[in-house]
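Here's the structure we're looking at; comments come further down.
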Amino acid sequence: MFVIGACSIETAPTPTARRGDGRPVLFVGNSLTYANELPGLLSALADSAGGQKLSVASVAFPDYALEDHWTEGTALKAIRKGGWEVVIMQQGSSALPENRSRLPEWTARCSSKLRQANTRPGLSTGWPQWGRRVP
0 MFVIGACSIE TAPTPTARRG DGRPVLFVGN SLTYANELPG LLSALADSAG
50 GQKLSVASVA FPDYALEDHW TEGTALKAIR KGGWEVVIMQ QGSSALPENR
100 SRLPEWTARC SSKLRQANTR PGLSTGWPQW GRRVP
């Protein structure tokens, strides 16, 4: 008797196509964006509140910071295509010293590109783990 097993290798998600009708919002982030399906969650919240409908998409890869998105280029290509009213940027916890020092710099760089594309920048952050809180 032979047993054949298969391994599942997690691959980085690809950028999502725009979903829904309404105000176009692009999410740029990491697994905190895609594992929790943040774009769909925000869209559903807006819809259930009876407010503006949203058309959402995302560019999110595992363990990516804004600096990584800048270097890799997929998010910048999506931004340069235009058509986004808001781009919500997200990276790991700012409780980590390296994130805390780099977040302002890369937020400013990305925001500059967003404004050139007539797009408003937004930020999203997650709660830090208990052991990573900043006193």
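So in numbering that gives the first Met the number 0, spot 46 of the sequence shown is number 45, and the numbers just go up one at a time.
Here a beta-carbon is modelled for each residue, glycine too, at the ideal position from N, C-alpha and C.
Buried versus exposed, by CB contacts within 10 Å (16 or more), residue i
i	result
SER118	Note on residue identity: the sequence assigns Thr, not Ser, to residue 118. THR118 comes out buried.
ALA16	exposed
ALA48	exposed
ALA77	buried
ALA107	exposed
LEU65	buried
Test item: CB-CB of residue i and residue j under 8 Å
i	j	result
LEU75	GLN90	no
Heavy atom of the ligand FMN within 7 Å of residue i beta-carbon
i	result
PHE26	In terms of ligand content, the structure shown is empty, and the ligand FMN therefore cannot be addressed.
Nearest-angstrom Cβ-Cβ length linking residue i and residue j, presumed shorter than 8 Å
i	j	result
GLY21	LYS52	3 Å
MET88	LEU122	6 Å
Decide if the region 51-70 is in contact with the region 23-31; the criterion is three or more beta carbon pairs, one per stretch, under 8 Å apart.
-> yes
Worksheet item: If you pair each beta-carbon of the region 69-76 with each one of the region 36-45, do three or more pairs fall below 8 Å?
Response: no
Enumerate, from N- to C-terminal direction, the unbroken alpha helix (DSSP H) stretches of 4 or more residues contained entirely within the region 46-106.
Whole alpha helix (DSSP H) segments, 4+ residues: 65-71 and 73-80.
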